[in-house]
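A.B. asks: Protein chains in written order, with the numbering used here: chain A, 1 to 356; chain B, 1001 to 1306; chain C, 2001 to 2360. Think of the CB as a built atom: it goes at the ideal place given N, C-alpha and C, for glycine as much as any other residue. Okay, handing you the structure first.
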Amino acid sequence: MTAPAQAATPLPPLPGHGGTGAPVLQVRDLVKHFPVMSKGVIRRRVGDVHAVCGVSFDLHENETLGLVGESGSGKTTISRTVLGLERATSGRVRYGEHELTELSRRQMRPLRRELQIVFQDPYASLDPRMTVHEIVAEPLRIHGRYGAGAGGEVSELLRLVGLNPEHGNRFAHEFSGGQRQRIGIARALALHPKVIILDEPVSALDVSIQAGVLNLLMDLQSELNLSFLFVAHDLSVMRHVAGRVAVMYLGRLVEIAPARQLFARPAHPYTQALVSAIPLPDPRKERARKRITIQGDVPSPVRPPSGCRFRTRCPKFANQLTDSERTSCVEEAPALVDRGGGNPVACHYAESVELL
Amino acid sequence: MTDIEAPGSAGTQLPRGDHEFTVRQRTQTQLVLRRFVRHRAAMVSLVVFVLIILWAFIGPHLWHYSYEKYTEDNSKPPSLKHPFGTDSSGYDGYAQVMRGTQTSLKIAIMIALGSTLLGAIWGAVAGFYKGIVDAVMMRIADLVLTLPLFAIALVISSRTGGSWYWIAIVIAGLTWAYVARVVRSSVLSLREKEFIEAARALGASDARIIFRHLLPNALGPIIVNATILVATGILTETALSFLGFGVQPPDTSLGLLVSQAQTAVDTRPWLFYIPGAFIIAIALTINFIGDGLRDAFDPRQQRVRQ
Amino acid sequence: MTSAVLEVEDLSVEFATEDGLVRAVRGVGYRLDRGESLGIVGESGSGKSVTALAVMGLLPTGARVRGSVRFEGTELLGLSDARLSDLRGSGIAMIFQDPMTSLNPVYNVGYQIEETLLRHNPGMKHKDARKRAIELLGTVGIPSPERRVDNYPHEMSGGMRQRVVIAIAMANDPDVIIADEPTTALDVTVQAQILEALETARAETGAALVLITHDLGVVAGHTDRVAVMYAGRIVETGSVEDIFYTPRMPYTLGLLGSLPRLDREEERLTPITGSPPSLLNLPPGCPFSPRCPMRRDVCDTDEPALRRAGGDLHLSACHFADELVDTGAGQVFDAVGADAEALARFADAAATTNPEEDAV
């Protein structure tokens, strides 16, 4: 089953990115552009959506790496590209000895057992014409593992995620959102994967339901030694589940740090704005908070700003920097390196601030 | 396909290998059925249509005249002995119309099944692969649509001697493209759904995605179209037979009966109007059933409020 | 002056559906004083949006509405559509989750604001209306409003559109603004801007605010009082401090305990097990009892009334509200996650199947 081995050694680690344990999934300089076509009869490529631009990170064994950003930040594209559901424009995705971006669909197939995904929308990600049993059994069938005793295996999976195995013959739409998401998790677990990409797994759920799914995921990880790439826009959820958090803005990583540090002392102005924007469910704290607010909307990823992509909304750029300092923001895209704060930040003038 | 029969038997052994097309859809079916039952015209039509089928297929075994035997009565108007009268050769009209309805229905249903099967798979494959595959396959389908159905049917059926299945195959071969277009368009939207992406992420093969996920979910439009094709089939067969290129004597069909009676409209009107009425009744009931199904499958009909 | 601008009393809404009668709202009452802000929180299906629509008279014709809604003393239920239309916009303004439900895609936003102004101020000149429209756009934080006023809704981002809706809402100086999940579809940084615009709108018009949301954080920062809804009823209401610091209804407690927090580290969340009841054929008793860890026999038979628990205006619909004094969610709810036994078995199975898998 093994695909031709490219190189058996892991790629060199990224300096300052932190994380412990062996890297299981390594992403280097990942780029994904989507063509923009003109309208009309003859469709020409008139530009590109710069969805992901040179993103690098490592996902370590038994770790939850959070990937956080607003809509258009490219976080979902990363999850799709890593799994080969979208072809990368350039860059490398290393899993073990396999270079995933170079594999054909056929070569990728056996690896799908080890790399799984849970989708955001529990209403759209389950086939409405299949029973729950069929849905959870599907990965086993696809990989030829649906032999004797597989029925019991499916029941066991349902039990594992907190569903009654006797409900296996029901259809997904007979379940609530939280239960449906558990079905999706059971499907992802069926083949005993090593890495699970969680693409906004709880953002469609009500909070009281969401907590149960988060607890489930955390239990699964600690017991089964899973590595999670947790994609979400909710920073509070991130803080709760992730060991390290990578913040994305308009296709680029702007800051990566251990969760505790990122929320206690964010260094990138965008991270600071994000943390400030999350309302705290605590009236006194919420009203007494120091805030860093930003104006406007995310610019179009078809024509991203030159230099630092955040500069058009950056409060520091607008209010604190001198004209000569601004030049480098406009002309030079800041690299994601440690600028003295202890974690990599992509800002020429990064400065840690305590916000909480 | 792999079917878990009894509720609660989640652990039963399932046969490997997939049989396409059949879909188990309990609650959804219930929903569709309930909406269909509320469509009064469709329900009445369904009852009438089922009665016609039973009559055409079981009737000949019970009736005391055969469609291929002369009787001693010539050109008799309807009576108790001959409810639909007799023609100038002495054939019993009732037996003939029963046989004719049976043949016409057989042809129509065969057309519907054949062109649905081919068209659904064709459309699903084209819609699934998109791009060049889609372009080529759909141009072929378009080409089939531009062929003059009648001219082709005339040429081919004149060479095949008018047996009912040849007529069905010829017509099906020229109508599947309609189905292909309908299925393609619903597959085009279905393939962007997250559950298809989920199947891909699991490593599902293209065939599995098409047959196990896309086609079952496109079942609504497929069924609606199949129903309408039955009506089209009846009418096309009728027209072909009327022109003398369809079913050949001694066998008979509704079209052939009408055609044979056209010279006798004034003198023996029962020979013309009775089979004509059956053609209209069948086409009409099927169209109503199709309407009812379309409404029943239409998700916009769902009135679910919080 | 503290006379009520909006009084809702024993409001109930029922929908007849194919499956039977859905009792979406069951006896909701609240009172909104001039300039005050009330947050209504609840999960999907709790009836919070339907309540708002009923107040505005915007429910579909099939809905059966009973009870009383008084705006400055005038009963709104049963009022003709024409009279209601006069009130909407000038007296009560509404902001929806999706700005496109309130904006007309074929007119530019300036025209739409002017239209609202002219409709309720018959004497106003066009020129003045336009000037005021530009002013309003500036107030809600739209940059270069004199240029943006000629934009069509589709030329704007979601956040911009929601600002336009807020501008329209404040155009005629309403006394009440009802905002139904105004920021749910937006990114957090934009949400912060919109909430700020909403604050500005309130400050400018002195309007009272009903803010409907599922986000407890939004309520904590932007309202004076909170009503928690569950299964079509208000199950707890009080000042924000009452609700957030001394909740007296297990549901509120559970909701707070299930929330991951940015400002502190919690080992484990305490989810509420089960899911909200169907509003179709609701069983007798407290609707929360099937999910409630404090449930006793009486909970299954008697639905508790909303009564005083603690401070004067702190009401709770729980038979055992008193027992919740000084308790946290962790003491009441279990921090359930995966089925421990099944997990252990599964982990073992993984250990045994994996080597064989590599050999394939």
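(1) Got a sec, what are the start and stop residues for the beta strand (DSSP E) P23/A sits in?
(2) Could you give the distance in angstroms between the alpha-carbon of T2184/C and the alpha-carbon of T1236/B?
(3) In angstroms with no decimal places, state the Cα-to-Cα distance between H167/A and V132/A.
(4) Quick check on the burial criterion: 16 or more other C-beta atoms within 10 angstroms. Buried or exposed for K2125/C?
(5) Rounded to the nearest angstrom, what separates C314/A and H268/A at their Cα positions?
(6) Report yes or no: is there a C-beta of chain B within less than 8 Å of the C-beta of A124/A?
(7) Is V2190/C helix, strand or coil by DSSP?
(8) Taking S227/A as the reference, which of R44/A, E61/A, D282/A and V46/A has the closest Cα?
(9) Taking Cβ-Cβ distances shorter than 7 Å, what residues in chain A pair up with F1195/B?
(10) Quick one: is P2293/C near chain A, going by C-beta distance under 8 Å?
(11) Go ahead and pull the three-state DSSP assignment for H233/A.
(12) Sort out for me which residues DSSP pairs Q116/A with in a bridge.
(13) Measure the alpha-carbon distance for D2086/C versus H2120/C and round it to whole angstroms.
(14) Let me know if L2011/C comes out buried or exposed under the rule of 16 or more other beta-carbons within 10 Å of its beta-carbon.
(15) According to DSSP, simplified to helix, strand and coil, what is G184/A?
(16) Which value, in whole angstroms, describes the spacing of the CA atoms of D2348/C and R180/A?
(17) G69/A and Y349/A - do their beta-carbons sit closer together than 8 Å?
(18) Kindly indicate if chain A contains any beta-carbon less than 8 Å away from that of L1203/B.
(19) Below 8 Å on the Cβ atoms is my contact criterion, and I expect V2176/C with A2208/C to pass it. Report the Cβ-Cβ distance as a whole number of Å.
(20) Give me the subset of the segment 2228-2260 of chain C whose CB atoms are less than 7 Å from a CB atom of chain A, sorted by chain position.
(21) By DSSP, does C53/A sit in helix, in strand, or in coil?
(22) So, does the CB of H2214/C fall closer than 8 Å to a CB anywhere in chain A?
(23) Is the shortest distance between the beta-carbon of A2335/C and the beta-carbons of chain A less than 8 Å?
(24) Closer than 9 Å by beta-carbon distance: list the chain A residues that pair up with E2043/C, in chain order.
(25) Find out if the Cβ-Cβ distance for the pair L2269/C, L214/A is shorter than 8 Å.
(26) Within 8 Å (strictly less), CB to CB, does A1191/B reach chain A?
(27) Give me, in chain order, the residues of the same chain whose beta-carbon lies closer than 7 Å to that of H143/A; leave out the 5 immediate sequence neighbours on both sides.
(28) Any beta carbon of chain A sitting closer than 8 Å to that of A1296/B?
(29) Give the residues of chain C in contact with N164/A, contact being defined as C-beta atoms less than 9 Å apart.
(30) Start and end of the beta strand (DSSP E) containing M2156/C?
(31) Measure the CB-CB distance between N2104/C and Q2112/C and report whether it falls below 8 Å.
(32) Residues of chain C with CB closer than 9 Å to the CB of N62/A, please, in chain order.
(33) What residues in its chain sit with their C-beta under 6 Å from that of A2093/C, if we drop five residues either side in the sequence?
(34) If you count every other CB in all the chains shown that lies within 10 Å of the CB of L1174/B, and 16 or more means buried, which is it?
(35) Note down, in chain order, every chain C residue with its Cβ under 8 Å from the Cβ of Q295/A.
(36) Express the C-alpha separation of V237/A and D2224/C in angstroms, rounding to a whole number.
C.D. replies: Concretely, from the data shown:
(1) In this chain, the beta strand (DSSP E) harbouring P23/A covers P23 to M37.
(2) The straight-line gap from Cα to Cα measures roughly 56 Å.
(3) Take the alpha-carbon of H167/A and the one of V132/A: they are about 8 Å apart.
(4) Per the 10 Å Cβ criterion, exposed.
(5) Rounded to the nearest angstrom, the two C-alpha atoms are 10 Å apart.
(6) Closer than 8 Å to some Cβ of chain B, the Cβ of A124/A qualifies, so yes.
(7) Note: V2190/C maps to helix in three-state DSSP.
(8) That would be E61/A, whose Cα lies nearest to the Cα of S227/A.
(9) Near F1195/B (Cβ distances below 7 Å), the residues of chain A are A124, S125, L126 and D127.
(10) Not an interface residue.
(11) Here DSSP, grouped into helix, strand and coil, assigns H233/A to coil.
(12) According to DSSP, which records beta bridges pairwise, Q116/A is partnered with I196/A.
(13) Approximately 7 Å, taken between the alpha carbons.
(14) Around the CB of L2011/C, 16 or more other CB atoms lie within 10 Å, so the residue is classed as buried.
(15) G184/A falls in the helix class under three-state DSSP.
(16) Inter-residue distance for D2348/C and R180/A is about 26 Å (C-alpha atoms, whole angstroms).
(17) The Cβ-Cβ distance between Y349/A and G69/A does not fall below 8 Å.
(18) The question names Leu, but residue 1203/B is Gly in the sequence shown. For G1203/B, the answer is yes, since a Cβ of chain A falls inside 8 Å of its Cβ.
(19) With a Cβ gap of about 5 Å, V2176/C and A2208/C count as contacting.
(20) Contacts with chain A (Cβ-Cβ distance below 7 Å) from the segment 2228-2260 of chain C involve V2240, E2241, F2244, G2254, L2255, L2256, S2258, L2259 and P2260, listed in chain order.
(21) Of the three classes helix, strand and coil, the one that applies to C53/A here is strand, per DSSP.
(22) It does; some Cβ of chain A falls within 8 Å.
(23) Answer yes: the Cβ-Cβ gap between A2335/C and chain A drops below 8 Å somewhere.
(24) The contact set of E2043/C on chain A, defined by CB atoms closer than 9 Å, consists of D206, V207, S208 and I209 in chain order.
(25) Between L2269/C and L214/A, the C-beta gap is smaller than 8 Å, which places the two residues in contact.
(26) According to the sequence as given, residue 1191/B is Arg; it is not Ala. The C-beta of R1191/B comes no closer than 8 Å to any C-beta of chain A.
(27) In chain order, R113 and L191 place their CB closer than 7 Å to the CB of H143/A, counting only its own chain and leaving out the 5 sequence neighbours on each side.
(28) It does not: the Cβ of A1296/B has no partner Cβ on chain A nearer than 8 Å.
(29) Within chain C, no residue has its beta carbon less than 9 Å from that of N164/A; the closest one is some 11 Å off.
(30) Note, M2156/C: premise wrong, no beta strand (DSSP E); not H, not E.
(31) With a cutoff of 8 Å on beta-carbon distance, N2104/C and Q2112/C are scored as near each other.
(32) Neighbours of N62/A across chain C, judged by C-beta separation under 9 Å, do not exist; the nearest C-beta is about 13 Å away.
(33) For A2093/C, same chain residues with a beta-carbon under 6 Å away, outside a window of 5 residues either side, are A2169, P2174 and I2177 in chain order.
(34) L1174/B is buried by the Cβ-count criterion.
(35) Within 8 Å Cβ-Cβ: G2141, P2143 and Q2193.
(36) Between the C-alpha atoms of D2224/C and V237/A there is a straight-line separation of about 26 Å.
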